[in-house]
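> Got a structure for you, questions after.
In my numbering, the protein residues as written are 174 to 276.
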């Protein structure tokens, strides 16, 4: 499993079964929270969908349907839960300080 924290922009490749066929559907957004312990651990990803509407999706960490997770950007945030992003509109909803690259 890829290491990421709240504030990171991640891309989750999720297996979807439709009409007996399996395809991989990517979902890219900001990780808003991580919660739980052990098998019940989950993370929430939020993105701005069509028409500027915010879409949040909760993924179980131990799900066999998650193909892979890639980290696009590391965010520099001071909170563990970024629920304040729900009140933001437009581009402000996706703007977070970017973490400086580690040397």
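Every residue gets a Cβ at the ideal spot worked out from N, C-alpha and C, and that includes glycine.
Could you tell me which whole alpha helix (DSSP H) segments of length 4 or greater appear in the segment 201–275?
Entirely contained in the segment 201–275, not one alpha helix (DSSP H) run reaches 4 residues.
> Near residue 197, which residues of its chain fall below 8 Å by C-beta distance, leaving aside the five closest residues on each side in sequence?
Excluding residues within five positions, the ones whose Cβ falls inside 8 Å are 186, 187, 188, 189, 240.
> Straight-line CA distance for residue 252 to residue 175?
Spanning the two alpha carbons is a distance of roughly 20 Å.
> Run the CB neighbour count on residue 243, radius 10 Å, all protein chains shown included, and call it buried at 16 or more, exposed below.
Label assigned to residue 243: exposed.
> Measuring alpha carbon to alpha carbon, tell me which of 206, 257, 273 ends up nearest residue 246.
When each option's Cα is compared against that of residue 246, the closest is 273.
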